[in-house]
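Undergrad: No gaps in the numbering here: position 121 of the sequence shown is 121 in the working numbering, and each next residue is one more.
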Amino acid sequence: MEKGESVMIKTGIIGVNGYAGGELLRLLAAHPEAEATVVASRSQAGQTVAQVFPSFSGTNWGELLISDVSSPALAECDLIFLAVPHGVAAELVPGFLEKDIKIIDLGADFRLKEPATYKDWYNLKHPQPALLKEAVYGLPELKRSEIKNARLIGNPGCYPTSILLGLAPLLAA
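1. With distance defined between alpha-carbon atoms, name the residue in 102, 171, 128, 10 nearest to residue 138.
2. Pick helix, strand or coil for residue 36, following the three-state DSSP scheme.
3. Suppose the cutoff is 8 Å on Cβ atoms and the five residues either side in sequence are ignored; what does the same chain contact list for residue 40 look like?
4. Counting Cβ pairs, one atom from each stretch, are 3 or more of them under 8 Å apart for the segment 78-95 and the segment 103-119?
5. Compute the Euclidean distance between the alpha carbons of residue 154 and residue 127, then round it to the nearest angstrom.
6. Can you grab the Cα-Cα spacing for the pair residue 136 / residue 118, in whole Å?
7. By how many angstroms is the C-alpha of residue 48 removed from the C-alpha of residue 59?
8. Per DSSP, residue 137 is paired with what?
9. Using the DSSP secondary-structure output, state which residues sit across from residue 57 in a beta bridge.
10. Can you tell which of 113, 143, 120 has the C-alpha that lies nearest to the C-alpha of residue 129?
11. From the DSSP output, read off the bridge partner residues of residue 11.
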């Protein structure tokens, strides 16, 4: 690779039909190093992205056919974003990690380190408690170096992000 040449990251989105998945798709479509490999949804499989999101009509991303979440094409991704309800991401993650695919969970499944805390908050036993210790809390302002090398990233929610970013300078002092 030549200096200054960028590498396209083959990305997948599971849960593309929801708000978070749709916004992520919009952001990735404008990213110069993101290549949409596959987008998936349980409820919108078989439709094109443009059918679900008319704003993508006439674009390359709009022509993508939405796959089912079990699509073998997901194995071709370098990175998969999960934009699914809590409890669902944890069921999907082990298979992708076995294939050396990096995961960013936009939901709640990998935000907390302790299975008991997860159960208290979400009233659900965590399906993959062993993976909680591996997951990196995805707040780049505070965890940049850990995120860079992580296989599994749990994105924080909006409320914790606003509080943590405001408190970080005080904690560092």
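The beta-carbon is built from N, C-alpha and C at its ideal position, and this holds for glycine as well.
Nothing here was measured: the structure is a model prediction, and the numbers come from that model.
TA: Straight from the coordinates:
1. 102
2. strand
3. 12, 13, 14, 15, 16, 66, 67, 68, 69, 71, 74
4. yes
5. 15 Å
6. 15 Å
7. 11 Å
8. 154
9. Note: residue 57 sits in no beta bridge, so no partner.
10. 113
11. 36, 79
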